[in-house]
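First up is the structure itself, then whatever we jot down about it.
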Amino acid sequence: IKKELIISKKIANIYIVRDVLPCFYHKVEKISHSCYFIIRVNWKRGKYMFKCGELLKGLSYECTRGSIDKSIEEVVYDSRKITKDCLFICICGYNVDGHSFAAQAVEKGAGALVVQKDVELPADADVTVIRVEDTRYAMAFISAAYFGHPADRMKIIGITGTKGKTTTTYLIKSILEKAGYKVGLVGTIEEIIGDKHIPADNTTPESFLLQQYFRQMADAGCQIVVMEVASQGLKLHRTQGFTFEIGIFTNLEPDHIGPNEHADFEEYMACKGLLFRQCRHGIVNRDDVHVEQVTQGHTCDLETYGFSPEADLYAQELRLVNKPGELGIAFRVRGKMDFQVEVPAPGRFSVYNALTAIAVCNHFQVEEEKIREALLDAHVKGRIEMVPVSDRFTLLIDYAHNAMSLESLLTTLREYEPGRLVCLFGCGGNRSKLRRYEMGEGSGRLADLTIVTSDNPRFEEPMDIIHDIEEGMAKTEGRFVEICDRKEAIAYAIDQGLPGDIIVLAGKGHEDYQEIKGVKYHMDERELIAEILKERNVRS
864 IKKELIISKK IANIYIVRDV LPCFYHKVEK ISHSCYFIIR VNWKRGKYMF
914 KCGELLKGLS YECTRGSIDK SIEEVVYDSR KITKDCLFIC ICGYNVDGHS
964 FAAQAVEKGA GALVVQKDVE LPADADVTVI RVEDTRYAMA FISAAYFGHP
1014 ADRMKIIGIT GTKGKTTTTY LIKSILEKAG YKVGLVGTIE EIIGDKHIPA
1064 DNTTPESFLL QQYFRQMADA GCQIVVMEVA SQGLKLHRTQ GFTFEIGIFT
1114 NLEPDHIGPN EHADFEEYMA CKGLLFRQCR HGIVNRDDVH VEQVTQGHTC
1164 DLETYGFSPE ADLYAQELRL VNKPGELGIA FRVRGKMDFQ VEVPAPGRFS
1214 VYNALTAIAV CNHFQVEEEK IREALLDAHV KGRIEMVPVS DRFTLLIDYA
1264 HNAMSLESLL TTLREYEPGR LVCLFGCGGN RSKLRRYEMG EGSGRLADLT
1314 IVTSDNPRFE EPMDIIHDIE EGMAKTEGRF VEICDRKEAI AYAIDQGLPG
1364 DIIVLAGKGH EDYQEIKGVK YHMDERELIA EILKERNVRS
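Residue numbers (this note's numbering): 864 to 1403.
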């Protein structure tokens, strides 16, 4: 992100420059329509130097050693990236505690430490120590200041909920771009900055990385950013340091409960609700039974969407659309807007996703025709993704990886009256076993045939996970087969496909890997399908 500073004129300690580091913008004043800026520059070894206190604005802290006038070159939270005169934030991670690297950071020349507990340092070390209540919370504000508060230059839209976040982000992005806005995206699949697509590691990136993305998006001319906001991201304060223009709640069911996630459903729900204390406008699903609890204590204004005529925006006159190779739904939007739309994805949850996107775009005065066009064109990788395989049956890939999303998907597909509904799925290792039992039971009730296979076993044995799923299946009369190897399982589903079948490959969605014993091996279901079809053609 560093750029060369080109000085064109100097007057006393004021420089006129043609290009600046992203973190300069909070000190920059544009003086004409050309690319010239005025900035006060504090240089050392060719880098801009912050005063420590400049990065701490808005935070409650105590300087227990040194001075907040200490000059800082960089902000670092990874002990492997410590540099001279940096500010090192000691983060308490699940596996590693950054406080244990405090003395090492000082030896490497760190100018300041941000801590939340006592650390042992050499008595003669020339270092500033800042004590805060929570270093993750502090990092969000420090990162925002370091990158020049880029979120203040854009409208940030945050979406939280158990299901629908990814699809809804892409729908919103598609509609707003159709209306002429330049939109950045932060989500489960990727970060999108202009033409650049960056694969995502977390649904909501660490606060430092998130602010870095915001900086790049602002520099790329983005006016709006639409992002998924995971409960973990809210719990770990990754979204602090700025205010969302719009916060969205889709729905809530038990999920992400277990080690290194949430202690229980109440904590999960409370973390989701934090979004509505950090946004100006809230848009929430009125039909969800948890909506009042999630929005309890909200500090924003609220509007609602759903199927109830009491919602501010609601859907009526639903009609299933079944075209060759495509399942969809059409409906009429009522309330704040009134027009007919069609979505090339099946079911009521697709209506909810579309209503959310429409409600957001109404805030930006997007024309109805633009909304209709964008909804018809929008497709999301791994979300009800139709894959052409045979004229006899329909095969689709979906990310449904918990009981709620799988049951919702299968119930929806049942409405299209398939010859058989075939569900292929597995469950991730080192996650709550409850998910396995519930998904097995759900598929056993709703699918005509379940193919139980491997997903991301991580550090568990794949067959142990499969047997847990089958415990749930045993509560039903559903037929199932177990095929551990995922490619073999997909090949079986294709080979056994009958006229009129709908076959769902659930759980992987957009993922193009399988995680085994800490290693991610490349595995894309689209490629597996292509390989299987090629092998069948060769044999025939």
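The beta-carbon is built from N, C-alpha and C at its ideal position, and this holds for glycine as well.
Being a predicted model, the structure only gives us computed values, none of them experimental.
Inset, instruction - Output yes or no for whether 8 Å exceeds the beta carbon distance between I1052 and T1029. - result: yes
Legend entry - Rounded C-alpha distance that separates F900 from D1015: With a pLDDT of only 44 at F900, under the threshold of 50, the placement of this residue in the model should not be trusted, and no figure is reported.
Inset, instruction - Evaluate H896 with the Cβ neighbour count: other Cβ atoms within 10 Å of its Cβ, from every protein chain shown; 16 or more gives buried, anything less gives exposed. - result: Interpretation of H896 is limited by its pLDDT of 43, a score under 50 that renders its predicted location unreliable; the figure taken from the coordinates is listed afterwards. Exposed, because fewer than 16 other Cβ atoms sit within 10 Å of the Cβ of H896.
Legend entry - Pair within 8 Å by beta-carbon distance, V959 and A973: no
Legend entry - Limits of the unbroken beta strand (DSSP E) element including V978: A975 to V978
Legend entry - Integer Cβ distance of I1005 from V938, believed to fall under 8 Å: 6 Å
Inset, instruction - Put A1193 into one of helix, strand or coil per three-state DSSP. - result: strand
Legend entry - S934, DSSP secondary structure in three states: strand
Inset, instruction - On the DSSP bridge assignment, give the partners of Q1179 in chain order. - result: R1195
Legend entry - Per DSSP, cross-strand counterpart(s) of R928: V992
Inset, instruction - Could you say if the segment 1096–1112 and the segment 996–1011 meet the contact criterion of at least three C-beta pairs nearer than 8 Å? - result: yes
Legend entry - Beta-carbon spacing of F1077, V1092 below 8 Å: no
Inset, instruction - Keeping to the same chain, check which residues put their C-beta closer than 7 Å to that of K980; ignore five residues upstream and five downstream. - result: H962
Inset, instruction - Give the DSSP-derived three-state secondary structure of C1163 in the structure shown. - result: coil
Inset, instruction - Please confirm whether Y1300 and E1334 have their CB atoms less than 8 Å apart. - result: yes
Inset, instruction - For Q1074, count neighbouring Cβ atoms within 10 angstroms of its own Cβ and tell me buried if that reaches 16, exposed if not. - result: buried
Legend entry - the segment 1343–1353 / the segment 1249–1257 touching (three or more Cβ pairs under 8 Å): no
Inset, instruction - Would you decide whether K1380 is buried or exposed? Buried here means 16 or more other CB atoms lie within 10 Å of its CB. - result: exposed
Legend entry - C-alpha distance - V982 paired with V1315, whole-angstrom precision: 50 Å
Inset, instruction - Give the C-beta separation of E1248 and D1261 to the nearest angstrom, bearing in mind that I take them to be a contact with Cβ-Cβ under 8 Å. - result: 7 Å
Inset, instruction - State buried or exposed for M1017, treating a residue as buried only when at least 16 other CB atoms are found within 10 Å of its CB. - result: buried
Inset, instruction - Give every residue of the same chain whose Cβ lies closer than 7 Å to the Cβ of A1217, excluding the five residues on either side of it in the sequence, and list them in chain order. - result: L1034, V1204, V1206 and L1238
Inset, instruction - Could you spell out the range, first to last residue, of the alpha helix (DSSP H) harbouring G1305? - result: K1296 to L1309
Legend entry - Residue(s) in a DSSP beta bridge with C955: D960
Legend entry - Where Q1103 falls: helix, strand or coil (DSSP): coil
Inset, instruction - Going by DSSP, name the residue or residues bridged to L1312. - result: V1285 and R1342
Inset, instruction - Assign E1230 to one of three DSSP states: helix, strand, or coil. - result: coil
Inset, instruction - Measure the Cβ-Cβ separation of R1182 and A1193 and say whether it is below 8 Å. - result: yes
Legend entry - CA-to-CA distance, E1304 to G1341, given in whole angstroms: 9 Å
Inset, instruction - Just confirm the distance between the C-beta atoms of L1312 and L1368, as a whole number of angstroms; I'd bet it's less than 8 Å. - result: L1312 to L1368, Cβ: 13 Å. No contact.
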